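Chains as they are written, first to last, in this note's numbering: chain A, 26 to 370; chain B, 26 to 370.
Read through the structure below, which is laid out as structure tokens, and then see the notes.
Protein chains: 2
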Amino acid sequence: MDLSDRKRKILQAVIDEYIGTAEPVGSRAIAKNPKLGISSATIRNEMADLEEMGYLIQPHTSAGRIPSDEGYRFYVNSLMQRYQMGMEAIMELQKAFQMRITRLDQIIRYAGSIASALTDYTTVVTSPERKLSKIRKIDFVPISADKTMLIVVTDYVKSQVMSIKLSEAECGYFADAMNKSLAGRTADEITAETMADIEDSLRGKVRLPESVLTDVMRFVFDAVTGDEETEIYVSNAQSILKYPEYRDVKKAGEMLSLLENKDRLKRVVLSDAGGGVHARIGAENEEEMLKDCSLVTVDYSLGPRRGGKIGVIGPKRMNYAKVFASLDIISGEIDKILRYYTENE
Amino acid sequence: MDLSDRKRKILQAVIDEYIGTAEPVGSRAIAKNPKLGISSATIRNEMADLEEMGYLIQPHTSAGRIPSDEGYRFYVNSLMQRYQMGMEAIMELQKAFQMRITRLDQIIRYAGSIASALTDYTTVVTSPERKLSKIRKIDFVPISADKTMLIVVTDYVKSQVMSIKLSEAECGYFADAMNKSLAGRTADEITAETMADIEDSLRGKVRLPESVLTDVMRFVFDAVTGDEETEIYVSNAQSILKYPEYRDVKKAGEMLSLLENKDRLKRVVLSDAGGGVHARIGAENEEEMLKDCSLVTVDYSLGPRRGGKIGVIGPKRMNYAKVFASLDIISGEIDKILRYYTENE
DNA sequence: TGTTAGCACTCGATGTGATTGAGTGCTAAC
DNA sequence: GTTAGCACTCAATCACATCGAGTGCTAACA
């Protein structure tokens, strides 16, 4: 599995070139690189070796070579040069993140759009998983004679209009009762007993139809278990049309279809293990549609808790170095911002 | 401007045919239609007339004709057959809308996805304009030692975490003071006096840094003036790739770009006057990108108030009859559902 | 022994010219 | 006023030749 230094250099040169041009790379193109000082004939021999070893592929006999999935993998693991992001670019990025946006979903969407602007590939971001949040407060607000809005505050705010007849005073009682039993609790700590407690507190104060408390509790429970789906946002989907690998319109359409199907997309993106920046190259992706794409993901965290993911989807010949660097710095910036959300808990 | 009955029939036949095939329509194809009982030569003469009148266009001398924008316009205004939606389709649609979703944004997104499924064109929906809502309730929830969540309930719920040090008791006082002065008010009714009132109520109870009340008020004001942008959601964007008019990948990319640029898209969609279902054909659109598309929109209402729009974007040769019928029925269903949101106000 | 120049060969891409056929406008007959 | 017939147009298609980038292999070279 070990490659001679020269083979490594050649493989790297081939991939670098191919990333730029999307055209099969011939021996002459490599020979022009003065750093190698080697003739095209020699390179041909080496390339034949590299092909035999599985790192390169020849689309047809009289064409140059393109990297195989294994070639890219080797490149990403061992060959890739660290991408040096310009200092001004970094400054600008940091400045961009200093905007005063405070809504969580806006922050992560913004991060996604920055990632796509930086890399010019399609970007997906997922909202944080909402497990394990703690009920902070519950409230009822009368909307009309027979409608009441239920508000549950966890790390987020969830609300729903329900068909319950409650006066303002009753709303107050109801909310007090709920808060007394529920505030500060997590989903695990809500039991049948809790519910009985609430019923007790309400007795004589608020008269409710049978099912209402159940409905309310279900909503509260959903809110706190994060039953609500994690969202996923896509930026710069149209970029796939820019790359020659999607000149086949049918393929492009299927890809867009995947990007619009949030569930499928979530399955793809979230299936990835955590850790730092991480690439899935070509067939390493489960999803059929991504077999000739690469997906680079990174986790961001929400303070001490696990956050969501940022992912970049592009052709296999993407600029890995740049994407890795971009995601790294962006996730860092998000972490910084999101620390506020959970600080001092 | 008046067309003979025969010309009308021919124009209709040409457009109907072209909608189906996207290929220039020749005289022979029309002559085959037994309803006309007319030879291709006669049709050629009539078509030449229709071209002179501006309703048809000949891409090149030896090709058939395609409709001009004016042709489509005439078709939509006067020729188009009413599309009869099957009874089962209607039933199914109504059933689909009986799902128990209650979050406003989910409802309208769902409506958008139904419209796109029904028509197989790209659909955009905008959330209702948020003007004129009334403050129902304001609340403060302590998040950590120096962070507090501010919640404003109008027809929606808006929240923001702010850097304010407040104990639980102080939160209560603060909220009471705000509610006393603000609950039930609209943006117009918030004045400098209101603010002074609140400061009065707080005096001695809650000590706040200078700027905090201003920040809080700004957030409340934004919430109630609907300063927050109206959202716009896109479904089935990939459908544009299915139509031969977008076989040019570059064009398709630009179109997708438009669909991703929410601001530009909003400008396009919202610029349309209200009323029932309404089409903008080709050059009738301001937006350069839509000059060879049609945009069909309809308003939905939020009870007595103005709601948002649903729009279908497709090729000029779209199935207008079906799109009109679909949007009509969908906006009706949304109206029904959304009536709950404002009923009995 | 490793490297390189040279050469025959391969094969997709590109260009060219002929052919096809759908469709037209016009004319003359009905 | 309608229609059959005909000459004409022109994009699309196809076969065919050409081109050229790139290869593998061989033989000469350091």
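Where is the CB? At the ideal position from N, CA and C, for every residue including glycine.
Just so we're clear, the structure is a prediction, and the values are computed from it rather than from any experiment.
Span of the beta strand (DSSP E), counted from its first residue to its last, around residue i
| i | result |
| --- | --- |
| residue 187 of chain B | 182-187 |
| residue 331 of chain A | 330-340 |
| residue 165 of chain B | 162-169 |
| residue 305 of chain A | 303-306 |
| residue 216 of chain A | Neither: residue 216 of chain A is in no beta strand (DSSP E) and is coded neither H nor E. |
| residue 320 of chain B | 318-327 |
| residue 258 of chain A | 257-260 |
| residue 174 of chain A | 172-178 |
| residue 101 of chain A | First-last for residue 101 of chain A: undefined, no H or E at that position. |
| residue 148 of chain A | 147-151 |
Whether residue i touches residue j by CB criterion (8 Å)
| i | j | result |
| --- | --- | --- |
| residue 246 of chain B | residue 200 of chain B | no |
| residue 346 of chain B | residue 69 of chain B | no |
| residue 207 of chain A | residue 224 of chain A | no |
| residue 182 of chain B | residue 211 of chain B | no |
| residue 335 of chain B | residue 121 of chain B | no |
| residue 342 of chain A | residue 44 of chain A | yes |
| residue 328 of chain A | residue 363 of chain A | yes |
| residue 202 of chain A | residue 226 of chain A | yes |
| residue 146 of chain B | residue 293 of chain B | no |
| residue 382 of chain B | residue 118 of chain B | This structure cannot settle anything about residue 382 of chain B, because the visible part of chain B is limited to 26 through 370. |
| residue 158 of chain A | residue 179 of chain A | yes |
| residue 354 of chain A | residue 115 of chain A | yes |
| residue 143 of chain A | residue 326 of chain A | no |
| residue 152 of chain A | residue 256 of chain A | yes |
Endpoints, alpha helix (DSSP H) assigned at residue i
| i | result |
| --- | --- |
| residue 276 of chain B | 274-285 |
| residue 33 of chain B | 30-46 |
| residue 135 of chain B | 129-144 |
| residue 69 of chain B | 65-77 |
| residue 55 of chain B | 52-56 |
| residue 115 of chain A | 112-121 |
| residue 249 of chain B | 237-250 |
| residue 201 of chain B | 193-207 |
With 16 other Cβ atoms within 10 Å as the buried cut-off, status of residue i
| i | result |
| --- | --- |
| residue 369 of chain A | Reliability of the predicted coordinates at residue 369 of chain A is poor, the pLDDT of 43 falling under 50, and no value is obtained from them. |
| residue 139 of chain B | buried |
| residue 86 of chain A | exposed |
| residue 31 of chain A | exposed |
| residue 286 of chain A | exposed |
| residue 148 of chain A | buried |
| residue 84 of chain B | exposed |
| residue 296 of chain A | exposed |
| residue 163 of chain B | buried |
| residue 42 of chain B | buried |
| residue 46 of chain B | exposed |
| residue 361 of chain B | exposed |
| residue 234 of chain A | exposed |
| residue 40 of chain B | buried |
| residue 29 of chain B | exposed |
When the options are compared against residue i, the one with the closest alpha-carbon
| i | options | result |
| --- | --- | --- |
| residue 311 of chain A | A/329, A/290 and A/102 | A/290 |
| residue 332 of chain A | A/50, A/150 and A/217 | A/150 |
| residue 281 of chain A | A/259, A/54, A/292 and A/300 | A/259 |
| residue 268 of chain B | A/269, A/278, A/142 and A/176 | A/278 |
| residue 102 of chain B | B/83, B/36, B/130 and B/60 | B/36 |
| residue 356 of chain A | A/204, A/286, A/302 and A/244 | A/302 |
| residue 161 of chain B | A/130, A/169 and A/295 | A/169 |
| residue 242 of chain A | A/175, A/270 and A/84 | A/175 |
| residue 190 of chain A | A/171, A/180 and A/184 | A/171 |
| residue 344 of chain B | B/76, B/318, B/29 and B/271 | B/318 |
| residue 80 of chain B | B/110, B/59, B/38 and B/109 | B/38 |
| residue 93 of chain A | A/300, A/195, A/215 and A/308 | A/308 |
| residue 82 of chain A | A/109, A/111, A/64 and A/51 | A/51 |
| residue 49 of chain A | A/90, A/222 and A/218 | A/90 |
| residue 186 of chain A | A/271, A/240, A/99 and A/316 | A/240 |
| residue 130 of chain A | A/154, A/113, A/141 and A/112 | A/154 |
| residue 100 of chain B | B/59, B/220 and B/33 | B/33 |
Between the region 260-277 of chain B and the region 225-233 of chain B, are three or more C-beta pairs nearer than 8 Å?
-> They do not touch, by the three-pair rule.
Please determine if the region 47-56 of chain B and the region 66-84 of chain B are in contact, where contact requires at least 3 C-beta pairs separated by less than 8 Å.
-> The region 47-56 of chain B is in contact with the region 66-84 of chain B.
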